[in-house]
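Beneath this line is the structure, given in structure tokens, with notes to follow.
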Amino acid sequence: MQTLETELTYQNRTLRQLKRTGMIAIYEVRNAGEMLYGYEVIKIKVAPEREVFGKLYPERELYPSSAKESTDWGTIAWSFGRNQKNEALAMFNGLIKKANKPVMTPTEA
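In this text, residue positions in the sequence shown follow the working numbering: the first is 2, and each later residue adds one.
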């Protein structure tokens, strides 16, 4: 599977991965002049292998979508301002803790 890049460019912004644990990551967001905009905490998506117009795309990790019709922001992706690094790290750590929490079945409860 192709893994998500640690540095991405989107809409004249550079996103650099600060940390990743499993499928949870935190990126810092900077403009073209390297000014810090803020942070994004994400749950990495996985796209299955598929063929589009004769081109084969392998299974790959994806950054959550910012398309208008997408519901990713607020469900698997969150933005934080440049003065909110501690809050972003708290969200990152909370998601990791939740992802690693064992799930009990009704018979175990």
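C-beta atoms are modelled at their ideal positions from N, C-alpha and C, and glycine is treated no differently.
- Where the alpha helix (DSSP H) containing ASN101 begins and where it ends: 86-101
- Query: Since GLY82 sits in a beta bridge, which residues does DSSP pair it with?
  - Reply: GLY39
- Mapping DSSP to helix, strand and coil, what is GLN12? The answer is coil: DSSP assigns GLN12 none of H, G, I, E or B.
- Query: If you run the structure through DSSP and keep just helix, strand and coil, what is ILE77?
  - Reply: coil
- Just the C-alpha distance for THR72 and LEU63, rounded to the nearest angstrom, thanks. C-alpha separation (whole angstroms): 15 angstroms.
- Item | Close beta carbons around GLY34, own chain, < 7 angstroms, minus the five adjacent residues each side | The beta carbon of GLY34 sits closer than 7 angstroms to none of the beta carbons in its chain outside the five residues before and after it.
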